[in-house]
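One structure below.
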Amino acid sequence: MYQEILSKYTPTKDNLIYILHDVQDGHPQHYIPEDAVLAISDYLQLPPNHIYGVITFYSMYSTVPRGKHIIRLCESPHCYIKGSENILRKLKNLLGVKVGETTKDGLFTLELCACLGVCGNAPVMMVNEDVFGDLTEDRIEDIINKLKGGKA
Amino acid sequence: MKYYRSHILVGINETSLQAGVQDFIVALRKELAKHDLLEEINVLETGPLSFFGRGICLTVYPENVNYENVKQEDLPELVSDHFLKGRPVRRLMLDASVRFSPKFNYDNRIVLRNSGIIDPEKIDEYIGTGGYEAWEKALTKMNPAEIIAEVKKSGLRGRGGAGFPTGLKWSFTAPIDCPQKYVVINADEGEPGTFKDRLIMEGDPHQLLEGIMICAKAVGATKAYIYIRGEYKLSISRTRHAIQQCYDYGLLGKNIFGSGFDLDIYVSIGAGAYVCGEETALIESLEGNRGNPRWKPPFPGVKGLWQAPTVVNNVETLANVPYIIKHGAEGYRKFGTPECPGTKVYTILGEVAYPGLCEVDMGTPLRTIINDYAGGMKKGSRFKAALIGGAAGAILNDSMLDVKMDLNNLNQYAAVLGSGAILVMNENTSIVDMLWSILRFFRHESCGKCSPCRNGCEMLYELISKIKHGNGTQEDLDKLLLIADMMQQTSFCALGQSPIMPIRSALDSFKDEFLALIKE
Chain F
1314 MYQEILSKYT PTKDNLIYIL HDVQDGHPQH YIPEDAVLAI SDYLQLPPNH
1364 IYGVITFYSM YSTVPRGKHI IRLCESPHCY IKGSENILRK LKNLLGVKVG
1414 ETTKDGLFTL ELCACLGVCG NAPVMMVNED VFGDLTEDRI EDIINKLKGG
1464 KA
Chain S
3 MKYYRSHILV GINETSLQAG VQDFIVALRK ELAKHDLLEE INVLETGPLS
53 FFGRGICLTV YPENVNYENV KQEDLPELVS DHFLKGRPVR RLMLDASVRF
103 SPKFNYDNRI VLRNSGIIDP EKIDEYIGTG GYEAWEKALT KMNPAEIIAE
153 VKKSGLRGRG GAGFPTGLKW SFTAPIDCPQ KYVVINADEG EPGTFKDRLI
203 MEGDPHQLLE GIMICAKAVG ATKAYIYIRG EYKLSISRTR HAIQQCYDYG
253 LLGKNIFGSG FDLDIYVSIG AGAYVCGEET ALIESLEGNR GNPRWKPPFP
303 GVKGLWQAPT VVNNVETLAN VPYIIKHGAE GYRKFGTPEC PGTKVYTILG
353 EVAYPGLCEV DMGTPLRTII NDYAGGMKKG SRFKAALIGG AAGAILNDSM
403 LDVKMDLNNL NQYAAVLGSG AILVMNENTS IVDMLWSILR FFRHESCGKC
453 SPCRNGCEML YELISKIKHG NGTQEDLDKL LLIADMMQQT SFCALGQSPI
503 MPIRSALDSF KDEFLALIKE
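Protein chains in written order, with our numbering: chain F, 1314 to 1465; chain S, 3 to 522.
Have a look at this one:
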């Protein structure tokens, strides 16, 4: 089932990062499952432990299933002094999860991340590919409700 | 060519996309069509504008009027008043005092001179402003030694943080006889508070590509990789688009313009690791490994990507190169100071009236940058401190405001220019809190390869947490310095060597705040 992705790339190690991006983006639960690792290992002739080493090194990859919407809230100094802690508290309350967990309905995963480079609009978070800035507790509620309604 | 009465420049960046700029443009065109103005008024999608406003921002030429935070519901008024009747809508205009500040003076810009003026997705507009003339000159009229000599003479130094002389770096790689050499462009901009490279790639990607081409010719590299962090979606797509246009125009590929020189440029994508901003870690990541830094020497210039000679340069550094080649080292040296020629792009954030980016001469005092380019402090707040250079930077207090910002002068305060992030804090910001946040960042981003950094970052975080929560002692304060100092001396790469800077500068200037929190 991963052949389609793998065949896009020549079997060299430098393509590992892209293959992992593609596998994860293509998975409905936004993670890299074990069978994918084995398939990649076979294709690139790399030991699975090398692949797991890479996956766990980079913060954008996950080895556990995640929700439909991955919320990544910036916790870097600038967002922090602009009140990202309050936003985090609000998110935890709204979703009923801790950092790194996924909601029971499989809709949201809450994560923290380093600076997203949109500091002019701090505090900032990314939901999948989209950036949301100038966050307030009210706005968070709005965004989450909209996402629940199926609109991004 | 078609002539228009006015051009409306719409800034497309992460901020405006989030505010729904795509729908806005459709609505704007519709509104113009209603008044039959589409033939007279041109709507141009461009990169980040020259100022940093909220929401959707517009600049209108030739009137040079700037609007910020324009909403769809404002469109009927805007179009009928400004574009039909010629009366700019005051309530949407950017504060007039900022409008006339030197921020809008494009004469002193090198790197961002096109940003917010041209459409970054159209190569013709870049060529129309004199783009790729430097590449033509370097390709057909100069040999590699001449290019390197010119860059050396210009005094250009790396803009990524370390400030290493660029020409010198190239001169290490150029003479090595090797069938395959590489140029790697560090666009893994992870320093908190920094987004200058993003703005260059979003606003004027061709200028970066031109710099890469010249560098490749100078060192004899035929392949170049731009390593962009995975979070920068717009930068990735714009840069890829620009590269494709270069191939279409024959600016890249085999035997470029019959010169016998080949060059291919690829975009590589990061996956979220601050340490990959370190050049050898970045190379490891490009090869498909964990981004752990390598031992130096050998330096990448001798043995880099796949053990081949590799020049690693920052985005802003290379964006300076076309200007140097086109106008010569002398022309470039008109900017900045004799020791640090050229300009620097800063991102100013925090409690200033107009946070955003600016490009100023090297050696411009911090006070001038804050007052003239960021509109001073926010109403009602007083300057307390500024964090210069991101997390791996130093905290300056108000007695240091007149420091001339360049790669040398900041040393007197044990500070570095770093990536050019300026985070301004007012009297309500707790320095202890700030330091806590910085050390939490380091703890998260340490790659774990060497023990001084892996354990040290953890210990620093525990100590500062203890102090922040009022459980610290004088001994903990001393330990903070001792551990950070030890890390500076023993860590494998710059990441572990950095925490000493924010810690020492915070304790030097704001010790009282720490003492107030510790137990007797």
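We treat Cβ as the ideally placed atom computed from N, Cα and C, and that holds for glycine. Note that the structure is a prediction, hence the values are computed from the model and not measured.
According to DSSP, is residue i part of a helix, a strand, or is it coil?
{"i": "S/Thr48", "result": "strand"}
{"i": "F/Thr1449", "result": "coil"}
{"i": "S/His9", "result": "strand"}
{"i": "S/Phe494", "result": "coil"}
{"i": "F/Ala1465", "result": "The predicted model places F/Ala1465 with a pLDDT of 45, which falls under 50 and marks its position as unreliable; any figure quoted below should be read in that light. In this structure, F/Ala1465 counts as coil in the three-state DSSP scheme."}
{"i": "S/Lys171", "result": "helix"}
{"i": "S/Met402", "result": "helix"}
{"i": "S/Ser156", "result": "helix"}
{"i": "S/Asn373", "result": "helix"}
{"i": "S/Thr431", "result": "coil"}
{"i": "S/Arg115", "result": "coil"}
{"i": "F/Asp1355", "result": "helix"}
{"i": "F/Met1314", "result": "coil"}
{"i": "F/Asn1458", "result": "helix"}
{"i": "S/Thr241", "result": "helix"}
{"i": "F/Met1438", "result": "strand"}
{"i": "S/Val100", "result": "For S/Val100, the predicted structure reports a pLDDT of 49, less than 50, and the residue's modelled location is therefore unreliable. A value from the coordinates is still provided. Residue state, collapsed to three classes: helix."}
{"i": "S/Tyr325", "result": "helix"}
{"i": "F/Ile1415", "result": "Residue 1415 of chain F is actually Thr in this sequence, not Ile. If DSSP states are grouped into helix, strand and coil, F/Thr1415 belongs with the strands."}
{"i": "S/Met144", "result": "coil"}
{"i": "S/Ala226", "result": "strand"}
Report the neighbours of residue i on chain S: residues whose CB is nearer than 9 Å to its CB, in chain order.
{"i": "F/Met1439", "result": "Glu233"}
{"i": "F/Gly1339", "result": "Those do not exist, as F/Gly1339 stays about 15 Å from chain S at its closest Cβ, beyond 9 Å."}
Measure the beta-carbon distance from residue i to residue j and round it to whole angstroms, keeping in mind my assumption that it falls under 8 Å.
{"i": "S/Pro324", "j": "S/Ile216", "result": "7 Å"}
{"i": "F/Gly1446", "j": "S/Gln20", "result": "6 Å"}
{"i": "S/Leu425", "j": "S/Gly195", "result": "5 Å"}
{"i": "S/Ile202", "j": "S/Ile267", "result": "About 15 Å separates the two Cβ atoms, so there is no contact after all."}
{"i": "S/Gly272", "j": "S/Gly232", "result": "5 Å"}
{"i": "S/Lys328", "j": "S/Ala136", "result": "4 Å"}
{"i": "S/Pro50", "j": "S/Glu204", "result": "6 Å"}
{"i": "S/Met407", "j": "S/Leu368", "result": "6 Å"}
{"i": "S/Asn110", "j": "S/Phe337", "result": "7 Å"}
{"i": "F/Ile1453", "j": "F/Leu1423", "result": "Their Cβ separation, rounded to whole angstroms, is 11 Å, which puts F/Ile1453 and F/Leu1423 out of contact at 8 Å."}
{"i": "S/His9", "j": "S/Asn66", "result": "With 8 Å as the limit, S/His9 and S/Asn66 do not qualify as a contact, their Cβ atoms being about 11 Å apart."}
{"i": "S/Pro454", "j": "S/Met488", "result": "7 Å"}
How would you label residue i, buried or exposed, when you count the other beta carbons within 10 angstroms and need 16 or more for buried?
{"i": "S/Leu517", "result": "exposed"}
{"i": "F/Pro1436", "result": "buried"}
{"i": "S/Leu141", "result": "buried"}
{"i": "S/Ala147", "result": "exposed"}
{"i": "F/Asn1434", "result": "buried"}
{"i": "F/Phe1478", "result": "The structure shown does not extend to residue 1478 of chain F, since chain F is modelled only from 1314 to 1465, so the question has no answer here."}
{"i": "S/Trp297", "result": "exposed"}
{"i": "S/Ala387", "result": "buried"}
{"i": "S/Ala189", "result": "buried"}
{"i": "S/Asp363", "result": "buried"}
{"i": "S/Val28", "result": "exposed"}
{"i": "S/Leu265", "result": "buried"}
{"i": "S/Asp199", "result": "buried"}
{"i": "F/Val1377", "result": "exposed"}
{"i": "S/His471", "result": "exposed"}
{"i": "S/Tyr251", "result": "exposed"}
{"i": "F/Ile1457", "result": "buried"}
{"i": "F/Met1438", "result": "buried"}
{"i": "S/Phe494", "result": "buried"}
{"i": "F/Met1314", "result": "exposed"}
Determine the chain S residues that contact residue i at a beta-carbon separation under 8 Å, and present them in chain order.
{"i": "F/Ala1427", "result": "Gly192, Pro194, Gly274, Tyr276, Phe443, His446, Glu447"}
I want to verify the contact list: residues of chain F whose CB lies under 7 Å from the CB of residue i, in sequence order.
{"i": "S/Leu288", "result": "Asp1327"}
{"i": "S/Gly357", "result": "Strictly speaking, residue 357 of chain S in this sequence is Pro, with Gly absent from that position. Result: Gly1433."}
{"i": "S/Ala393", "result": "Pro1390"}
{"i": "S/Arg200", "result": "Gly1430"}
So which residues on chain F does residue i lean against when the C-beta distance must stay under 9 Å?
{"i": "S/Phe197", "result": "Cys1428, Leu1429, Gly1430, Val1431, Cys1432, Gly1433"}
{"i": "S/Leu425", "result": "Pro1390, His1391, Ile1394, Cys1432"}
I want to verify the contact list: residues of chain F whose CB lies under 8 Å from the CB of residue i, in sequence order.
{"i": "S/Ala220", "result": "Under the 8 Å cutoff, chain F gives no residues; its nearest Cβ is about 25 Å from S/Ala220."}
{"i": "S/Gly293", "result": "Phe1370, Tyr1371"}
Would you mind telling me which residues of chain S sit closer than 7 Å to residue i, beta carbon to beta carbon, in chain order?
{"i": "F/Tyr1393", "result": "Ser439"}
{"i": "F/Val1350", "result": "The premise fails here: F/Val1350 is roughly 14 Å from chain S at the closest Cβ pair, so nothing lies under 7 Å."}
{"i": "F/Tyr1344", "result": "What F/Tyr1344 touches in chain S: nothing, since even the nearest Cβ is about 14 Å away."}
With DSSP as the reference, please indicate the residues paired to residue i in a beta bridge.
{"i": "S/Cys527", "result": "Because chain S in this structure spans residues 3 to 522, residue 527 of chain S falls outside the shown range and cannot be described."}
{"i": "F/Cys1426", "result": "F/Cys1387"}
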